[in-house]
Amino acid sequence: MPGVKMAGLSLIDDIRAASRLMVRELGFMDATVAASDYPPSAVHTILEIGIRGPMTSGELGDFLRLEKSSVSRLVRKLIDCGELKETPDGLDARSKLLSLTARGRRTLEALHEFGRQQVRGALAALTEAEQRTVREGMMLYARALRQSRAEDGAESAA
200 MPGVKMAGLS LIDDIRAASR LMVRELGFMD ATVAASDYPP SAVHTILEIG
250 IRGPMTSGEL GDFLRLEKSS VSRLVRKLID CGELKETPDG LDARSKLLSL
300 TARGRRTLEA LHEFGRQQVR GALAALTEAE QRTVREGMML YARALRQSRA
350 EDGAESAA
């Protein structure tokens, strides 16, 4: 990586170990997550549509980094369960917008409450300064992961 010091192996392995621990502690190794009956991809779908508003299946797939066939199955399941609905896109008659139903909004609130309680519990063990450090560090690392993926994608396309 031009212009970037290569991080030491110990630092990299510590970050990888912490990432794996977080995945396990957040329950993402379970078949269903966030005290719901849904797998991680469905939970993320409900959260992102709830936070970002209506979107097409293509936009959802791009945002969640899922294959088109996976998104299609996922959306169909969530529509069949009454969590999502499709409506015609006013700007493009060929597209349909996905949005939450009343049931989906209730599920969204339950997911938010579960997630907030989980984070609240973890933060309770930290000082205010440590809490801010966690927030800043996680935000920095998430941005760096996204930037690294974008750069890798640009290099692959070249």
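The opening position of the sequence shown corresponds to residue 200 in this note's numbering, with each subsequent residue numbered one higher. Just so it is clear, CB atoms sit at the ideal spot from N, CA and C, and this is done for glycine as well.
Buried versus exposed call for residue i [16 or more other C-beta atoms within 10 Å across all chains shown]
| i | result |
| --- | --- |
| residue 211 | exposed |
| residue 203 | In this predicted model, residue 203 has a pLDDT of only 48, less than 50, meaning its place in the structure is not dependable enough to derive any value. |
| residue 254 | buried |
| residue 332 | exposed |
| residue 222 | exposed |
| residue 256 | buried |
| residue 201 | The predicted model places residue 201 with a pLDDT of 47, which falls under 50 and marks its position as unreliable; any figure quoted below should be read in that light. It is exposed - the Cβ of residue 201 has fewer than 16 other Cβ atoms within 10 Å. |
| residue 290 | exposed |
| residue 244 | buried |
| residue 259 | buried |
| residue 277 | buried |
| residue 341 | exposed |
Reduced DSSP category for residue i - H, G, I as helix; E, B as strand; rest coil
| i | result |
| --- | --- |
| residue 283 | strand |
| residue 338 | helix |
| residue 343 | helix |
| residue 296 | strand |
| residue 240 | helix |
| residue 266 | coil |
| residue 201 | Its pLDDT being 47, under 50, residue 201 is placed unreliably in this model, and the value from its coordinates should be taken loosely. In this structure, residue 201 counts as coil in the three-state DSSP scheme. |
| residue 232 | coil |
| residue 326 | coil |
| residue 227 | coil |
| residue 351 | helix |
| residue 290 | coil |
| residue 252 | coil |
Segment limits, alpha helix (DSSP H) that includes residue i
| i | result |
| --- | --- |
| residue 222 | 208 to 224 |
| residue 262 | 256 to 263 |
Beta-carbon proximity of residue i to residue j, cut-off 8 Å
| i | j | result |
| --- | --- | --- |
| residue 249 | residue 304 | yes |
| residue 246 | residue 339 | no |
| residue 288 | residue 296 | yes |
Per the contact definition of three or more C-beta pairs closer than 8 Å, is the segment 278 to 294 in contact with the segment 308 to 320?
no
Whether or not the segment 237 to 244 and the segment 260 to 268 are in contact is what I'm after, with contact meaning three or more pairs of Cβ atoms, one per stretch, closer than 8 Å; do they touch?
yes
Is the segment 307 to 314 close to the segment 268 to 276, with three or more CB pairs under 8 Å?
Output reads no: the segment 268 to 276 does not touch the segment 307 to 314.
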